[in-house]
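Here the structure comes first, spelled out in structure tokens, and everything after it is commentary.
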Amino acid sequence: MSKYIAESFYTCLFKITHNLQELTSEALQEIDSRKDGKVEVLDVKFNKRKTKSLAEMQASKTQSKEQEVKEISSQKISENITSSIFNNIQDNKTSSLSIENKAFSERRKMPDRRKGYIQKAMIGDHKVYLHIGEYDDGRVGEIFIDTNKEGELVRSLMNNFAIAISLGLQYGVPLEEYVDAFINTKFEPSGKVKGNDRILSASSILDYLFRELAISYLGREDLAH
Numbered sequence: 011m012s013k014y015i016a017e018s019f020y021t022c023l024f025k026i027t028h029n030l031q032e033l034t035s036e037a038l039q040e041i042d043s044r045k046d047g048k049v050e051v052l053d054v055k056f057n058k059r060k061t062k063s064l065a066e067m068q069a070s071k072t073q074s075k076e077q078e079v080k081e082i083s084s085q086k087i088s089e090n091i092t093s094s095i096f097n098n099i100q101d102n103k104t105s106s107l108s109i110e111n112k113a114f115s116e117r118r119k120m121p122d123r124r125k126g127y128i129q130k131a132m133i134g135d136h137k138v139y140l141h142i143g144e145y146d147d148g149r150v151g152e153i154f155i156d157t158n159k160e161g162e163l164v165r166s167l168m169n170n171f172a173i174a175i176s177l178g179l180q181y182g183v184p185l186e187e188y189v190d191a192f193i194n195t196k197f198e199p200s201g202k203v204k205g206n207d208r209i210l211s212a213s214s215i216l217d218y219l220f221r222e223l224a225i226s227y228l229g230r231e232d233l234a235h
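Counted the way my numbering counts, the sequence shown spans residues 11 to 235.
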């Protein structure tokens, strides 16, 4: 008899395509209630896994039965769309889902020719160059940090730190984990930021670095100024 359960959490990115006879505000407002959309799964990302004791869960359910609250979503996805999503996940379990599951044991190396950008900024009176390398799908896969006023020891530490972060990203560590770990770290140089119109101040180079990554790749507008 089973004593424990394992819950795996995934984030599914999908798109729904509708054919329209005319492009009007009324037609766009009716899209969410239509059931003729074509569903295409774009990405399935592994987030985390939890284990629970069945005995503890049963005890918790008994105590919380009287406190159950029914939540009604303002935007319901129709049953046929939900069914289509899961069918697509099953049909594509050898593609994006299997890649994400393997990501924690296999390194996804960067392409030889890669896209990305270089962000120049001043933190206090220190000039910092942030180099970002991307995979073909637009995900960040490597970072490099160049500073102009630091000694050889600090520059070497920053370079090796960037290599460690890059390796983690290539082995599947979620960028969100790094953002949560290094946002608001405090050490010099710190202060006002010039050269980046989204970040006006930073408590350290790492605070600046992961704010930039979170805003650019995770849509974390709450970390912008």
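For glycine and all other residues, C-beta sits at the position ideal for the given N, C-alpha and C.
Quick caveat, the model's predicted, so the values are computed rather than measured.
Using alpha carbons as the reference points, say which of Asn206, Ser176, Leu216, Tyr227 lies closest to His235.
-> Asn206
Alpha carbon to alpha carbon, how far is Ser84 from Ser226?
-> With a pLDDT of 39 at Ser84, under the threshold of 50, the predicted position of this residue should be treated as unreliable, and no value is reported.
Exposed or buried, which one is Glu81 when buried takes at least 16 other CB atoms within 10 Å?
-> Because the pLDDT at Glu81 is just 44, under 50, the model does not fix this residue reliably, and the value given afterwards should be weighed accordingly. Classification of Glu81: exposed, given that the 10 Å Cβ count is below 16.
Asn158 versus Asp46 - alpha carbon distance | Between Asn158 and Asp46, the C-alpha separation is close to 58 Å.
According to DSSP, is Gln85 helix, strand or coil?
-> Bear in mind that a pLDDT of 43 at Gln85, under 50, signals an unreliable position, so the number given afterwards is only what the model happens to contain. DSSP places Gln85 in coil when its eight states are reduced to three.
Tell me whether Ile209 is buried or exposed, calling it buried when 16 or more other Cβ atoms sit within 10 Å of its Cβ.
-> buried
Can you have a look at Phe19 and say buried or exposed, based on whether 16 or more other CB atoms are within 10 angstroms of its CB?
-> By the Cβ neighbour-count rule, Phe19 is exposed, with fewer than 16 other Cβ atoms within 10 Å of its own.
Just how far apart, CA to CA, sit Pro184 and Asp217?
-> Straight-line Cα distance between these residues: approximately 17 Å.
6 Å CB neighbourhood of Ser211 in its chain, flanking five on each side removed | Lys202, Val203
Given 8 Å, three or more beta-carbon pairs between the region 19-29 and the region 49-57 | yes
In chain order, which continuous runs of the beta strand (DSSP E) of length 3 or greater are located wholly inside the region 138-178?
-> The region 138-178 contains, as complete beta strand (DSSP E) runs of 3+ residues, the segments 150-157 (chain order).
Check each candidate in Ile175, Asp135, Pro199, Glu36 and name the one with the smallest Cα separation from Val164.
-> Pro199
Note down, one range per segment and in chain order, each alpha helix (DSSP H) of at least 4 residues found wholly within the region 39-75.
-> 64-74
Taking Glu116 as part of the beta strand (DSSP E), name the residues at either end of that continuous run.
-> No beta strand (DSSP E) contains Glu116, which DSSP labels as neither H nor E.
Nearest-angstrom Cα distance between Ser214 and Lys25?
-> 39 Å
Thinking C-beta only, is Arg124 closer than 9 Å to Gln180?
-> In this structure, Gln180 sits away from Arg124, with a CB-CB distance that is not shorter than 9 Å.
Cα-Cα, which of Thr27, Lys60, Phe154 is closest to Arg44?
-> Residue Thr27 holds the alpha-carbon nearest to the alpha-carbon of Arg44 among Thr27, Lys60, Phe154.
Comparing the CB of Ala16 with every heavy atom of the ligand MN, is any distance shorter than 8 Å?
-> As for the ligand MN, it is missing from this structure, which has no ligand bound.
Spatially closest choice to Gln10 from Pro121, Tyr14, Leu38, Gln39, by CA coordinates = Given a span of 11 to 235 for the chain in the structure shown, any question on residue 10 remains unanswerable.
Run of the alpha helix (DSSP H) containing Leu223, from where it starts to where it stops | 215-228
Determine the direct distance from the alpha carbon of Ile142 to that of Pro121, and round the result to whole angstroms.
-> 13 Å
The beta strand (DSSP E) with Leu23 in it runs from where to where?
-> 14-27
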